[in-house]
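Chemist:
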């Protein structure tokens, strides 16, 4: 049997504890935008093109226009991660989720992009890139008003599940997929001469989805900068000639074209 004094002490303790405020779990960082940069490093991208691509993204985050677009957001900060991809099992986060809210953080992010050694890998799995990018939002530590995957690539999906399946699942989760089709070379055996149409009909999707084709090396960095500014600012109606719809009524792309070309070339 408890001593009466101990009973009184326990009662008082319980009473005090019930009056203590409930401390919620630590809130996630709120941002205007959570952005996954999903960057193609397949062998169809030569080293010069990869260097252009890296420098293009770095210069975009050094741009005062991008800094201003972030500052003008409701919260004035975004979260970004940089992921490189190639085949189905080859996706690598180069820069983990980073909150960008001032010029210093943006410049540091740009420096990290250019400081990582370049690499190349086999095959092109756009669907694998979208699936891997979508998973990154789950443990981002961010509470985002918008979630966007920015897919850059110079070829159609030729490994993994159909790209439209990956796109549709990501869109169903409230994620927007934008595209940067890279069309710097003359079409070859595995290249798609209408890659911009393929991206329009098969890759991009979600609210306000758009793409910015890069057709000339001289325009490559400007295309990347334009795309980042539009994504950060959240514009839903980019000016011509940007494509704003994931699918259109006059869709012409074969969304299995990459798989077909690979099978015809290799017999697998």
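In this note's numbering, the protein residues as written are 525 to 792. Quick reminder that beta carbons are idealized off the backbone N, C-alpha and C, glycines included. Just so it is clear, the structure is predicted and the values come from calculations on it, not from any experiment.
For residue 664, which residues from the same chain have a beta carbon less than 7 Å from its beta carbon, with the 5 sequence-adjacent residues on both sides left out?
Modeler: Within the chain shown, residue 664 is the residue found at index 140, counting from 1. Hits under 7 Å: 558, 603, 621.
Chemist: Straight-line CA distance for residue 640 to residue 730?
Modeler: Here residue 640 refers to the residue found at position 116 when the chain shown is read from its first residue. Here residue 730 refers to the residue found at position 206 when the chain shown is read from its first residue. Their backbone Cα atoms lie some 31 Å apart in a straight line.
Chemist: Which residue from 680, 673, 659, 601 puts its Cα closest to that of residue 782?
Modeler: Translated into the one-based positions of the chain shown, residue 782 becomes position 258. Put simply, of 680, 673, 659, 601 the residue whose alpha carbon is nearest the alpha carbon of residue 782 is 680.
Chemist: Of the choices 658, 683, 615, whose alpha-carbon is the least far from that of residue 647?
Modeler: The count along the chain shown starts at 1 and reaches residue 647 at position 123. If we check each option's Cα against that of residue 647, 683 comes out closest.
Chemist: Taking contact to mean at least 3 C-beta pairs separated by less than 8 Å, is the stretch 603 to 615 in contact with the stretch 732 to 744?
Modeler: no
Chemist: So for residue 572, helix, strand or coil by DSSP?
Modeler: In the chain shown, residue 572 corresponds to position 48, counting from 1. Looking at residue 572 - three-state DSSP - the assignment turns out to be helix.
Chemist: Could you check if residue 698 is buried or exposed, using at least 16 other CB atoms within 10 Å of its CB as the buried criterion?
Modeler: Along the chain shown, one-based indexing puts residue 698 at 174. With fewer than 16 other Cβ atoms within 10 Å, it is exposed.
Chemist: Reducing DSSP to helix, strand and coil, say where residue 553 ends up.
Modeler: For the purposes of this step, residue 553 is taken as residue 29 along the chain shown, with counting starting at 1. Reduced to three states, the DSSP call for residue 553 is strand.
Chemist: To which residues of the same chain is residue 688 closer than 7 Å at the C-beta, ignoring the five residues directly before and after it?
Modeler: The residue you call residue 688 lines up with position 164 of the chain shown. Once the five neighbours on either side are set aside, the close Cβ partners of residue 688 are 726, 779.
Chemist: Run through the stretch 678 to 735 for me and flag every whole alpha helix (DSSP H) of 4 or more residues, listed as ranges in chain order.
Modeler: 687 to 696, 719 to 722
Chemist: Our contact map puts residue 594 next to residue 756 with C-beta atoms below 8 Å; I'd like the distance itself, whole angstroms only.
Modeler: Your numbering for residue 594 matches position 70 in the chain shown. Your numbering for residue 756 matches position 232 in the chain shown. Right, the Cβ-Cβ distance comes to about 6 Å (below 8 Å), so this counts as a contact.
Chemist: Give me the Cα-Cα distance between residue 627 and residue 791, rounded to the nearest whole angstrom.
Modeler: What you label residue 627 is simply residue 103 of the chain shown in a count that begins at 1. What you label residue 791 is simply residue 267 of the chain shown in a count that begins at 1. Cα to Cα, residue 627 sits roughly 51 Å from residue 791.
Chemist: Using C-beta distances below 7 Å, list every residue in its chain close to residue 591, excluding the 5 sequence neighbours before and after it, in chain order.
Modeler: Counting from 1 along the chain shown, the entry for residue 591 is found at position 67. Answer for residue 591: 627, 630, listed in chain order.
Chemist: Do you know offhand how far residue 713's Cα is from residue 786's?
Modeler: Against the chain shown, residue 713 aligns to sequence position 189. Against the chain shown, residue 786 aligns to sequence position 262. Any reading at residue 713 needs caution, since the residue's pLDDT is 45, under 50, leaving its predicted position unreliable; the model's value is listed next. One C-alpha to the other measures close to 9 Å.
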